[in-house]
Amino acid sequence: MKLTNLLASTAISAAIAFGATSAFADGHAKSLTVVSWGGAYTKSQVEAYHKPYMAKSGVKIKSEDYSGGIAEIKAQVTAGNVTWDIVDVELSDAIRACDEGLLETIDASTLPAGADGVAAKDDFLPGTLYDCAVANIVWSTIFAYDKSKIASGPTTMADFFDLKKFPGKRGLRKGAKVNLEFALIADGVPAADVYKVLGTPAGVDRAFAKLDTIKGDVVWWEAGAQPPQLLADGEVTMTTAYNGRIFNAVAGEGKPFEIVWDGQIWDLDLWVIPKGAKNKDTAMDFLKFSTATEQLAAQASYISYGPARKSSGALVGKYAGKDIEMAQHMPTNPKNLTNAVQSNFEFWADNADQLGERFNAWLAK
Amino acid sequence: MTDTTVSDAINNAPLVAADGTPLKQKLARTTRRMKIKAFLLTLPLVLFLLISFVMPIGQMLYQSIHNPTGSSVMPNFAKEIQSWDGEGLPSEKLFEIFVKDLAEAKKSREVGKTVGNLAIRVNYELPGSTSLIKKTARKAKKITEGPYKEALFAIDKKWENPALWKTLKRVSRDYTMSFYLAATDRKFDQSGSIVVVDELYQIYLPILWKTIWLSALITALCFIIAYPVSYLLSTLPLATSNILMILVLLPFWTSLLVRTSAWIAMLQKEGVINNVLVYLGIIADENRIQMIYNMTGTVIAMVHILLPFMILPLYSVMKTIPPSYMRAARSMGASGTYAFTRIYFPQTIPGIAAGTLLVFILAIGYYITPALVGGNDGQLISNLIAGHIKKSLNWSLGAALGTILLVVVMIFYWLYNKLVGVDKLKFG
Numbered sequence: 032m033k034l035t036n037l038l039a040s041t042a043i044s045a046a047i048a049f050g051a052t053s054a055f056a057d058g059h060a061k062s063l064t065v066v067s068w069g070g071a072y073t074k075s076q077v078e079a080y081h082k083p084y085m086a087k088s089g090v091k092i093k094s095e096d097y098s099g100g101i102a103e104i105k106a107q108v109t110a111g112n113v114t115w116d117i118v119d120v121e122l123s124d125a126i127r128a129c130d131e132g133l134l135e136t137i138d139a140s141t142l143p144a145g146a147d148g149v150a151a152k153d154d155f156l157p158g159t160l161y162d163c164a165v166a167n168i169v170w171s172t173i174f175a176y177d178k179s180k181i182a183s184g185p186t187t188m189a190d191f192f193d194l195k196k197f198p199g200k201r202g203l204r205k206g207a208k209v210n211l212e213f214a215l216i217a218d219g220v221p222a223a224d225v226y227k228v229l230g231t232p233a234g235v236d237r238a239f240a241k242l243d244t245i246k247g248d249v250v251w252w253e254a255g256a257q258p259p260q261l262l263a264d265g266e267v268t269m270t271t272a273y274n275g276r277i278f279n280a281v282a283g284e285g286k287p288f289e290i291v292w293d294g295q296i297w298d299l300d301l302w303v304i305p306k307g308a309k310n311k312d313t314a315m316d317f318l319k320f321s322t323a324t325e326q327l328a329a330q331a332s333y334i335s336y337g338p339a340r341k342s343s344g345a346l347v348g349k350y351a352g353k354d355i356e357m358a359q360h361m362p363t364n365p366k367n368l369t370n371a372v373q374s375n376f377e378f379w380a381d382n383a384d385q386l387g388e389r390f391n392a393w394l395a396k
Numbered sequence: 002m003t004d005t006t007v008s009d010a011i012n013n014a015p016l017v018a019a020d021g022t023p024l025k026q027k028l029a030r031t032t033r034r035m036k037i038k039a040f041l042l043t044l045p046l047v048l049f050l051l052i053s054f055v056m057p058i059g060q061m062l063y064q065s066i067h068n069p070t071g072s073s074v075m076p077n078f079a080k081e082i083q084s085w086d087g088e089g090l091p092s093e094k095l096f097e098i099f100v101k102d103l104a105e106a107k108k109s110r111e112v113g114k115t116v117g118n119l120a121i122r123v124n125y126e127l128p129g130s131t132s133l134i135k136k137t138a139r140k141a142k143k144i145t146e147g148p149y150k151e152a153l154f155a156i157d158k159k160w161e162n163p164a165l166w167k168t169l170k171r172v173s174r175d176y177t178m179s180f181y182l183a184a185t186d187r188k189f190d191q192s193g194s195i196v197v198v199d200e201l202y203q204i205y206l207p208i209l210w211k212t213i214w215l216s217a218l219i220t221a222l223c224f225i226i227a228y229p230v231s232y233l234l235s236t237l238p239l240a241t242s243n244i245l246m247i248l249v250l251l252p253f254w255t256s257l258l259v260r261t262s263a264w265i266a267m268l269q270k271e272g273v274i275n276n277v278l279v280y281l282g283i284i285a286d287e288n289r290i291q292m293i294y295n296m297t298g299t300v301i302a303m304v305h306i307l308l309p310f311m312i313l314p315l316y317s318v319m320k321t322i323p324p325s326y327m328r329a330a331r332s333m334g335a336s337g338t339y340a341f342t343r344i345y346f347p348q349t350i351p352g353i354a355a356g357t358l359l360v361f362i363l364a365i366g367y368y369i370t371p372a373l374v375g376g377n378d379g380q381l382i383s384n385l386i387a388g389h390i391k392k393s394l395n396w397s398l399g400a401a402l403g404t405i406l407l408v409v410v411m412i413f414y415w416l417y418n419k420l421v422g423v424d425k426l427k428f429g
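Going line by line, the protein sequences match chains X and S. Each position in the first sequence, counted from 1, maps to that position plus 31 in the numbering used here. Each position in the second sequence, counted from 1, maps to that position plus 1 in the numbering used here.
Below is the structure:
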């Protein structure tokens, strides 16, 4: 496919412009380009992974931000000019990129054992190790509100969709994923049955009908840094968001936000190595280092995302420099999991195209 | 010999140049050399156009109909299934080839030849196939003997559906119309005939129509605003008109992003215009007007950004119209309106033609401004194309939409040529 190459080369020319400089500038010193989601999240990785790794190995890490998806990885791999060495991706994207042959395979048995001596494959939470990807954190989409503006705040997902009880604008991520699940939960579908219902045409209609009830009052966001800002600016009364971003706005900046865990949809972020990465071995070494017990636990003291290793759980302490116990702010805390759904990558692999089209058509009407 | 025969001989003898070659030949050679030289001068441009324009567009056209995923992933099956008549289910033999090809493909990690590539390709035509094909591929290598049909049915009942096999047959062909069907909100139904998709899923044609009429609206608004401005520019004394011209050109030279962001600052709910209206008490604080992140925002920002493309051709044409024509008409008794409509306006048509064509074609493919200020209902077709190139990674569908957009522009150009005549265009 010639156009593939051509599109790819156009798309990566920007990547080359930024990425290649790191490769040349450092001369013979080893370097590594680590790509992640930016903001508070990248900051937590820089503190917990990058700094100790640079100190230990002498490798110079260049941190780049992106906004998710596998377009750049695909473009770089198909053009044969891979400038990203290791990328933090969502589970559904990790699976798809692996399926398409865009990633290096990773042998999970080479990962270090937990601090307590348990082998990696037993130490990692179930469903966090894949052929081409190793999870580092569990994150979650929740909804949050400003408690200084609503005295007795919402407590359930149904409240989020209740404009009578809680008038005001709502923030939602632009896209079908997560929103359809939320709509069904709000409409009374038990968390465990969400994907079963969504798998039927009637279920999809039901989800869109529920979204219809608030459509006129929705402010759509796209980047993870937007929702805390929307809340702070008073643009919305409540908004869905990534739990770590809200936590950091509260703990780090003292914002009066409150997270509602009911109906949370949790997902994984994983490290992947694009096929043909220039510093593949260093990337693999960094991957092993950063997903070790201590580093995963260290990241959890900078942002409230749950570590993917069981052995890290015991080491998770307080928020960096403050007296806030992290454990209760984790998506994986049992009291936060009472009505929770794990995002189903298989469902979205099958339906993302079709539901995406319906969502766009719905949005444009 | 007589005098006449001598002169005849001289006349008939070919004229020769200093080196003895016939002059005619020499002249032809010189002109040829000059033509080659002239051509060589244009060569860089020709090559540039070829590489940066003709080839990418050609490849885009090609990619929209050529998708060899099926035959790359499962070469034997793709060949054999073409002889299947499409009635009921394929033969046991085809099932066997399918299972073996799938097991073989499962081993591949090469981009474009993996089971995942096939799964995604089939899923475009039959949603829900990704997990089915991946699951089956995982189990395929364990099926070592027949009956293969029953073995597949045991993995998933969906394999009993003839529509799935019809889809596989279509996907196995390297050349496909599927992406053009998808781009026009159509698909193959269970029986393999072309149908329009459910109204709830229709997105591309409605957005294309919206793009066309929004572009027409923007062009019309640009014209209405630009005509008097250009008239003023061309009739004012040079010193004044130069200052006005700078006011037109300054935004033209400013970055597109800056201008779009400026409109966001102006039009948003907490923006300048709303603040002024609230301050003056014209609207209440809670009734601030939504002027951006919707179609209105797209239209306002695009009219402003495209305005210079209308003003400049109009101005350059108006500048060449001698004021004496209008005075002559008036002195012969024509009213102001009559003189304008019969004398002045017809002479500005080449400028109008150039301006409207320029603005319309720029507007129809505009991307950044609608992406930033369009919100939900102000998105244009180019935003959907970008979505397929960058987000859903369905490059073939993106290419098909791009080709349709190109054809629409060419149709408008042709119509324009018929109505106005391209030779009448005057840019300056």
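Glycine residues also receive a C-beta, built at the ideal position from the N, C-alpha and C atoms. Please read these numbers as outputs of a predicted model, since none were measured by experiment.
Taking the straight line between their C-alpha atoms, what separation do you get for residue i and residue j?
| i | j | result |
| --- | --- | --- |
| S:Leu-119 | X:Val-90 | 39 Å |
| S:Lys-101 | S:Val-116 | 13 Å |
| X:Ala-207 | S:Leu-373 | 20 Å |
| X:Asp-57 | X:Ala-308 | Bear in mind that the predicted position of X:Asp-57 carries a pLDDT of just 44, short of 50, making it too unreliable to give a figure here. |
| X:Ala-86 | X:Glu-78 | 12 Å |
| X:Glu-356 | X:Gly-344 | 12 Å |
| S:Gly-193 | S:Lys-167 | 7 Å |
| X:Phe-55 | S:Ile-58 | In this prediction, X:Phe-55 scores a pLDDT of 45, lower than 50, which makes its location untrustworthy; the coordinate-derived value is nonetheless stated afterwards. C-alpha separation (whole angstroms): 34 Å. |
| X:Ala-166 | X:Tyr-273 | 17 Å |
| S:Glu-146 | S:Ile-98 | 12 Å |
| S:Met-217 | S:Lys-211 | It should be pointed out that residue 217 of chain S corresponds to Ala in this sequence rather than to Met. Each residue's Cα considered, the two are about 10 Å apart. |
| S:Glu-88 | S:Pro-163 | 8 Å |
| S:Trp-214 | S:Lys-27 | 60 Å |
| S:Val-249 | S:Leu-169 | 58 Å |
| X:Leu-142 | X:Ala-106 | 29 Å |
| S:Thr-277 | S:Asp-286 | Reading the sequence as shown, one finds Val at residue 277 of chain S and not Thr. C-alpha separation (whole angstroms): 11 Å. |
| S:Val-409 | S:Leu-206 | 12 Å |
| S:Leu-127 | S:Phe-49 | 41 Å |
| X:Asn-382 | X:Asp-193 | 28 Å |
| S:Gly-334 | S:Thr-236 | 22 Å |
| X:Ala-280 | S:Asn-243 | 52 Å |
Shortest alpha-carbon distance to residue i belongs to which of the options?
| i | options | result |
| --- | --- | --- |
| S:Ser-317 | S:Ile-225, S:Met-246, S:Ser-397 | S:Met-246 |
| S:Asn-384 | S:Val-249, S:Ile-204, S:Gln-26 | S:Ile-204 |
| X:Trp-297 | X:Glu-325, X:Ser-75, X:Thr-363, X:Thr-187 | X:Thr-363 |
| S:Gly-113 | X:Ile-137, X:Asp-153, X:Glu-131, X:Asp-154 | X:Glu-131 |
| X:Glu-135 | X:Met-315, X:Ser-94, X:Phe-320 | X:Met-315 |
| X:Leu-203 | X:Gly-285, X:Pro-258, X:Lys-227 | X:Pro-258 |
| S:Val-259 | S:Gln-291, S:Lys-80, S:Ile-369 | S:Ile-369 |
| X:Gln-385 | X:Leu-229, X:Ala-328, X:Val-249 | X:Leu-229 |
| S:Ser-179 | S:Ser-65, S:Asn-77, S:Leu-103, S:Val-300 | S:Ser-65 |
| S:Ile-382 | S:Glu-93, S:Asn-395, S:Ser-393, S:Ala-364 | S:Ala-364 |
| X:Ala-189 | X:Ala-263, X:Phe-213, X:Ala-144, X:Pro-83 | X:Phe-213 |
| S:Asn-77 | S:Met-267, S:Tyr-414, S:Phe-54, S:Glu-105 | S:Glu-105 |
| X:Asn-367 | X:Gln-373, X:Gln-359, X:Trp-115 | X:Gln-359 |
Can you round the beta-carbon distance between residue i and residue j to whole angstroms, since I take them to be within the 8 Å contact cut?
| i | j | result |
| --- | --- | --- |
| S:Ile-312 | S:Ala-221 | That belief does not hold up - the Cβ atoms of S:Ile-312 and S:Ala-221 are roughly 15 Å apart, past 8 Å. |
| X:Phe-174 | X:Val-291 | 5 Å |
| X:Ile-334 | X:Tyr-72 | 6 Å |
For a contact meaning CB atoms closer than 7 Å, what does residue i contact in chain A?
| i | result |
| --- | --- |
| X:Asn-391 | Judged by its chain identifiers, the structure shown contains no chain A, and its protein chains are X and S. |
### Query
Does the count of Cβ pairs from the region 93–101 of chain X and the region 115–135 of chain X closer than 8 Å reach three?
Counting C-beta pairs closer than 8 Å gives three or more between the region 93–101 of chain X and the region 115–135 of chain X, which meets the contact rule.
### Message
Report the start-end ranges of each alpha helix (DSSP H) in the region 197–278 of chain X that is 4 residues or longer and not cut off at the edges.
### Response
Correct list: 210–217, 225–229, 232–243, 257–263.
### Task
Could you tell me which uninterrupted alpha helix (DSSP H) segments, each at least 4 residues in length, are contained entirely in the region 54–90 of chain X, listed from first to last along the chain?
Restricted to the region 54–90 of chain X, the alpha helix (DSSP H) segments that are unbroken, complete and at least 4 residues in length are 70–76, 82–88, listed in chain order.
### Task
For the region 174–191 of chain S and the region 68–75 of chain S, state whether three or more C-beta atom pairs, one from each stretch, are separated by less than 8 Å.
Contact between the region 174–191 of chain S and the region 68–75 of chain S is present: 3 or more CB-CB pairs across the two stretches fall below 8 Å.
### Query
Residue ranges of each alpha helix (DSSP H) run of no fewer than 4 residues wholly in the region 344–426 of chain S, ordered along the chain?
Those alpha helix (DSSP H) runs which fall completely within the region 344–426 of chain S and span 4+ residues are 346–365, 369–374, 382–391, 396–420.
### Task
Evaluate contact between the region 149–165 of chain X and the region 148–156 of chain S, counting only Cβ atoms and requiring at least three cross-stretch pairs below 8 Å.
They do not touch, by the three-pair rule.
#### Entry: Unbroken stretches of the alpha helix (DSSP H), 4 residues or longer, contained in the region 208–277 of chain S
If we require 4 residues or more, the alpha helix (DSSP H) runs fully inside the region 208–277 of chain S come out as 239–254, 257–268.
### Task
Spell out a yes or no on whether the region 205–225 of chain X and the region 327–341 of chain X are touching, meaning 3 or more CB-CB pairs, one atom from each, closer than 8 Å.
No, because fewer than three Cβ pairs between the region 205–225 of chain X and the region 327–341 of chain X fall closer than 8 Å, the two stretches do not touch.
### Task
May I ask you to verify whether the region 290–303 of chain S touches the region 319–328 of chain S, counting CB pairs closer than 8 Å and requiring at least 3?
Because the criterion of three Cβ pairs below 8 Å is not met, the region 290–303 of chain S and the region 319–328 of chain S do not touch.
### Message
Which complete alpha helix (DSSP H) runs does the region 106–185 of chain X hold, if anything under 4 residues is left out?
### Response
Unbroken alpha helix (DSSP H) stretches of 4 residues or longer found wholly inside the region 106–185 of chain X: 122–130, 151–154, given in chain order.
### Query
Unbroken beta strand (DSSP E) runs of length 3 or more, entirely within the region 150–197 of chain S: which are they?
Whole beta strand (DSSP E) segments, 3+ residues: 187–189, 195–197.
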